[in-house]
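The UniProt record's numbering puts the first residue of the sequence shown at 1, with every later residue one more than the last.
Presented below is the structure to which this report refers.
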Amino acid sequence: MRPLHRLATATVALAWVLFLPYEAVSYARLPAGDTGDAGDAEDAASAEPFGAECRIRVDDSDVTAHCHNPYPQVDHVRLHIECADWWDLDSDGPAVPAGPAQTVRLDGRCWKEVRSAWVSHARGS
């Protein structure tokens, strides 16, 4: 009975690895001299690398995020905090523009404990 149990566990693990979505994105570039049509230009603009890299630190009830934008396009970042207690209000911070090669700091807190914290991104002009 044990070998069947191990085989079933290995099969389930393999299925998880094969069928979970792959998060990596490859960025397509137009070859030099190829201007493409209007639809291709929009696709290339949306395929440009984008998004500040953010590091979030939670100390008791305080949350701090540092976001660095290495790309030439402005990234509007927002800190979202979900508090652990039902009576403690969750918060969504204001959008802060992170310009090219700029690092911004986002702060927030809960009254007691933090359940989760994350940063959202939006393209800016």
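Note that the Cβ used here is the ideal one computed from N, Cα and C, for glycine as well.
Small disclaimer: the values here were computed from a predicted structure and weren't measured.
- Secondary structure note for LEU89: it is in no beta strand (DSSP E), with a DSSP letter that is neither H nor E.
- Taking the CA atoms as reference points, GLN73 sits about 22 Å from ILE56.
- For VAL104, the uninterrupted beta strand (DSSP E) run begins and ends at 102-109, by DSSP.
- The DSSP-derived three-state label of PRO70 is coil.
- Rounded to whole angstroms, the Cβ separation of GLY99 and LEU79 is 18 Å, and the two are not in contact under 8 Å.
- In the DSSP secondary-structure assignment, ALA65 is bridged to ILE56 and LEU106.
- When rounded, the separation of the alpha-carbon atoms in HIS121 and ASP60 is 25 Å.
- By the neighbour-count definition (other C-beta atoms within 10 Å, threshold 16), LEU106 is a buried residue.
- Around the Cβ of ALA101, a 10 Å sphere holds fewer than 16 other Cβ atoms; the residue is exposed.
- GLU82: member of the beta strand (DSSP E) spanning 75-83, first to last residue.
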